[in-house]
Amino acid sequence: ELSSDQERLIHITINGIATGLRNSG
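Numbering (my numbering), first residue to last: 12 to 36.
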C-alpha cells in the first residue's frame with residue numbers, strides 16, 4: 012500500500028513524463 016506522499020510523487024512523475032512526451036511529439 013502506498014502512502015499519500017508516495018502516491019503524490021508517482022502522480023507528479025507520471026505527469027512530468029506525459030508532459031515531456033507531448034512536448035517532444
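Ideal Cβ placement from N, Cα and C applies to all residues, glycine included.
From what residue to what residue does the alpha helix (DSSP H) around Glu18 run? In the DSSP assignment, Glu18 falls within the unbroken alpha helix (DSSP H) covering Ser15 to Ser35.
Report the rounded CA-to-CA distance for Ile28 versus Asn34, giving the unit in angstroms. One Cα belongs to Ile28, the other to Asn34, and the distance between them is close to 10 Å.
6 Å CB neighbourhood of Ile25 in its chain, flanking five on each side removed: No residues qualify anywhere along the chain.
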